[in-house]
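For reference, the structure is listed below as structure tokens.
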Amino acid sequence: MTATAAQTASPTSATAPKGKVVLAYSGGLDTSCLIPWLQDEGYEVVCAIAALGQPGSSDIDAIAQKAVSLGATASYAIDMRDEFCEDVCTCAIKANGMYENKYPLLSALSRPVICKHMVDIAHKEGAVAIAHGCTGKGNDQVRFELECKALDPNLDILGPVRDWDLLTRSQEIDYCADHGIFIEVTKSSPYSIDENVWGRAIECGVLENPWNEPPADAWVMTDDPLAAPDAPTDVVISFEEGKPVAIDGEVLGMFDLVCKLNQIAGAAGVGRIDMIEDRVIGIKSRECYEQPAAITLITAHKALESLCLPGDVLATKLQLEHQWASQVYSGLWYSPLKDALDAFFESTQGTVTGEVRVRLYKGSCVVTGVKSQHSMYDFGLATYDEGDTYDRSAAKGFMDLFGLPNKVWAQRTLGVQGEEGPDAPEVKPRVLVAVPSGAVAKVKVFK
Ligand code: ARG
């Protein structure tokens, strides 16, 4: 990480009887309001601002200065972009991390890094609590609470927005003005947005009706697939032990690689997700995401795994991937189960080295080629042409044994054709499906 801290003199303990709190500060209205609010509650406020590749990432120093001008006694601007991409996004690719098989977890992945730095700052500053601006209906409150507690069970976690009575933007602005803080009013977005280099989450507003198609202005990172170029874009992604390392032969660090792929895939309309999602706190919500690089990288990584890993490893990994994504979504990044799942995934990635060619075209991302020095694909075994090395004679015995339990079951339940006499079992026809529709095949017999 790189961090810069803006600072003013600490207030006396008489003005902050409850001690210091570290606030996750975004520069927006909610968290700006939290500075005077926490001071009113008796805390000294220290702010932490994260750059994770969201559009304002290069302005975090200015946001840190703003926090100080609003009354924070210190303010840390932390550039987490490399750490987020190299460690967290890489880990998510190895896990093919997608919640409910659709959402590549952009917000959920950012919280463990943010929480880690907040707890580090709390220790450095001797703070007693961490505060965040999450609402009471979302997943992010759960993640802050669980992840900070996992890192230091002794810290208090404060989520005042959950139950304060500043319900509207103008109430929040008035509250700040009453405290001598004049916030520049910016046009509020019609959506609730969270973004970082792994993607952009869009919710609320007209999206709250699941029948409403997301309006064009909801999308920023991706072009409309219908208006995307008529020519497909082919991209070759190189992986080393499960980690993407190059695009079209150009070796890049993870942050640059993800940025570049966001551009390329986004321009082809790839990466839009529109789903009904099950939040941890029990609500179904309508969520839209744009994750061009994430979708492309996970698609490519899965294809390379299919080439390089045995079928039983793939099948087991698929089940565990689902569990991993649920853990991460639910704020259990720092948990023994998640650590154990990571260890399993890591143990599978040693041979996941090679190249994948993907075709990006009007919103679709399709693998068109894959190769690896660790490929388990054997031409001699697979071919139907010359050069066949497969021992077909072994197939007969294999089927006799592989199908044996099913054959015995059929004999017991259907009866055996050809047996005669009073004790011969009745031969019953096997139904095609459990509940037949009554449709019948049309048969013509030619002699
Ligand atoms: N539903 C997503 C998640 O829980 C995205 C949350 C985005 N947050 C926001 N303030 N829009 O991971």
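So in full-length UniProt numbering, spot 247 of the sequence shown is number 247, and the numbers just go up one at a time.
All C-beta atoms in this analysis are idealised placements derived from N, C-alpha and C, irrespective of residue type, glycine included.
Give the range of the beta strand (DSSP E) segment to which residue i is assigned.
i: M275; result: R272 to D278
i: N196; result: S192 to N196
i: R200; result: G199 to E203
i: C47; result: Y43 to A51
Using DSSP's beta-bridge definition, name the partner residues of residue i.
i: I130; result: V22 and I157
i: Y99; result: Y103
i: Y361; result: S364
i: P210; result: Per DSSP, none; premise fails for P210.
i: K284; result: D278
i: P244; result: F239
i: T233; result: L360
i: V440; result: Answer is none; V440 lacks a bridge partner.
i: K355; result: The sequence as given places Glu at residue 355; Lys does not occur at that position. Beta-bridge pairing links E355 to S238 and K371.
i: V251; result: A246
i: E184; result: None, per the DSSP bridge assignment.
i: E125; result: DSSP, once it has assigned bridges, lists no residue as partnering E125.
i: G289; result: Per the sequence shown, the amino acid found at residue 289 is Tyr instead of Gly. Note: Y289 sits in a beta bridge opposite A201 and I273.
Is residue i a contact residue of the ligand ARG, with contact defined as CB to any heavy atom under 7 angstroms?
i: I193; result: yes
i: D140; result: yes
i: E203; result: yes
i: V287; result: One point to set straight first is that residue 287 is Glu, not Val, in the sequence displayed. It does: the Cβ of E287 is within 7 angstroms (strictly closer) of some heavy atom of the ligand ARG.
i: S58; result: no
i: S107; result: yes
i: S145; result: For clarity, residue 145 is Glu in the given sequence; the question names Ser instead. The answer is no for E145.
i: E240; result: no
i: E277; result: yes
Assign residue i to buried or exposed, taking buried as 16 or more other Cβ atoms, counted over all protein chains shown, within 10 Å of its Cβ.
i: E125; result: buried
i: P310; result: exposed
i: H301; result: buried
i: P104; result: buried
i: F446; result: exposed
i: Q141; result: buried
i: L70; result: buried
i: D423; result: exposed
i: N196; result: buried
i: M80; result: buried
i: G350; result: exposed
i: N262; result: buried
i: Q39; result: buried
i: A9; result: The predicted position of A9 is uncertain, since its pLDDT is 44 and thus under 50; a value taken from the coordinates is nonetheless stated next. So A9 ends up on the exposed side.
i: P386; result: In the sequence as presented, Pro is not what sits at residue 386; that position holds Glu. E386 is exposed by the Cβ-count criterion.
i: E100; result: exposed
i: G438; result: exposed
i: M221; result: buried
i: E321; result: buried
i: V440; result: exposed
Taking Cβ positions, are residue i and residue j nearer each other than 8 angstroms?
i: R143; j: R169; result: no
i: V358; j: V352; result: no
i: L314; j: S326; result: no
i: E147; j: W333; result: yes
i: G271; j: Q291; result: yes
i: G97; j: W324; result: yes
i: A127; j: V68; result: no
i: A382; j: C288; result: no
i: A95; j: W198; result: no
i: V22; j: I121; result: yes
i: I93; j: P244; result: yes
i: V161; j: I173; result: no
i: L304; j: F239; result: yes
i: P36; j: I237; result: no
i: A228; j: A267; result: yes
i: L414; j: V427; result: yes
i: D194; j: S107; result: yes
i: K102; j: M254; result: no
i: C91; j: D339; result: no
i: Y76; j: P232; result: no
i: D165; j: G136; result: no
i: Y43; j: K20; result: yes
I'd like the span of the alpha helix (DSSP H) that includes residue i, first residue to last.
i: K428; result: Unbroken run through K428: none, as it is neither H nor E.
i: K317; result: G311 to Y329
i: N262; result: M254 to A267
i: C85; result: No alpha helix (DSSP H) holds C85; DSSP gives it neither H nor E.
i: R162; result: Neither: R162 is in no alpha helix (DSSP H) and is coded neither H nor E.
i: G397; result: S393 to F402
i: T348; result: P336 to T348
i: S170; result: R169 to D178
i: K66; result: I60 to S69
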